[in-house]
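Anchor point for the sequence shown: position 14 equals 53 in our numbering, and the numbering is continuous, going up by one each time. The beta-carbon is built from N, C-alpha and C at its ideal position, and this holds for glycine as well. Here the structure is a predicted model, which is why all the values come from computation and not from measurement. Let me begin by presenting the structure, written as structure tokens, before commenting on it.
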Amino acid sequence: MKLRFFILSIACMAIFAMPAQAASKARTKVQTTKSAEAVKVSTQEFNQLKATLTSAISEMKSAASAKAVTNSMYNYTKSFLGMNKVYKGLTNYQKKQVDVLVKQFGVQSKAKIAKYGCKKEADAAIQKATMEALSSLSK
């Protein structure tokens, strides 16, 4: 009788434990799927941010006048400020890559601004782009 009760209790525990194990496996699968989607989104956003920075660098390199430099500064500031929230979600490795590109843009822009003597115009373009980007973010 005691053996029968013991076997019956083990069988009941096994029956009740099965749904818990299935739920645990399902939760793990959902978490893994969400993590994979987050990495995929992060990679897509990173690629977009990297492409934006690369095009800004090439635009600054090809700038041949003060007007072109200020336009490049305006475009860079407006596009990069819009993607600032993407930067927060990147991995450390991705952030380092973006930081290198930002530094390259900074070096190029300082050289071009010094070459064409358009510091005030570039500052005005940056300020205008910042105000426009902030107003579009607040909407």
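Original post:
Can you list, in chain order, the residues of its chain whose CB lies under 7 Å from that of Tyr-155, leaving out five sequence neighbours each side?
Top reply: Once the five neighbours on either side are set aside, the close Cβ partners of Tyr-155 are Ser-104, Ala-105 and Val-108.
**OP:** Compute the beta-carbon to beta-carbon distance between Lys-100 and Gln-133, rounded to the nearest angstrom, for a pair I have assumed lies under 8 Å.
**Re:** The Cβ separation is near 23 Å, so there is no contact.
Subject >> Span of the alpha helix (DSSP H) around Met-122 >> reply: For Met-122, no alpha helix (DSSP H) encloses it, and the DSSP letter there is neither H nor E.
**OP:** My understanding is that Lys-135 touches Glu-171, with C-beta atoms under 8 Å, so please give their C-beta distance in whole angstroms.
**Re:** Actually they do not touch by this definition, with Cβ atoms about 29 Å apart.
**OP:** Go ahead and label Val-139 buried or exposed: buried means 16 or more other beta carbons lie within 10 angstroms of its beta carbon, across all protein chains shown.
**Re:** Flag for Val-139 reads exposed.
**OP:** Taking 7 Å as the cut-off, decide whether the C-beta atoms of Tyr-3 and Ala-164 are in contact.
**Re:** This structure gives no information on residue 3, because the portion of the chain shown stretches from 40 to 178.
Subject >> CA-to-CA distance, Asn-86 to Ile-152, given in whole angstroms >> reply: Whole-angstrom Cα-Cα distance: 28 Å.
Original post:
Is it buried or exposed for Thr-82, if we count other Cβ within 10 angstroms and need 16 for buried?
Top reply: Burial check for Thr-82: the Cβ neighbour count within 10 Å stays below 16, so the residue is exposed.
Original post:
Beta-carbon separation of Ala-95 and Phe-144 under 7 Å?
Top reply: Yes, the pair counts as a contact, with Cβ atoms nearer than the cut-off.
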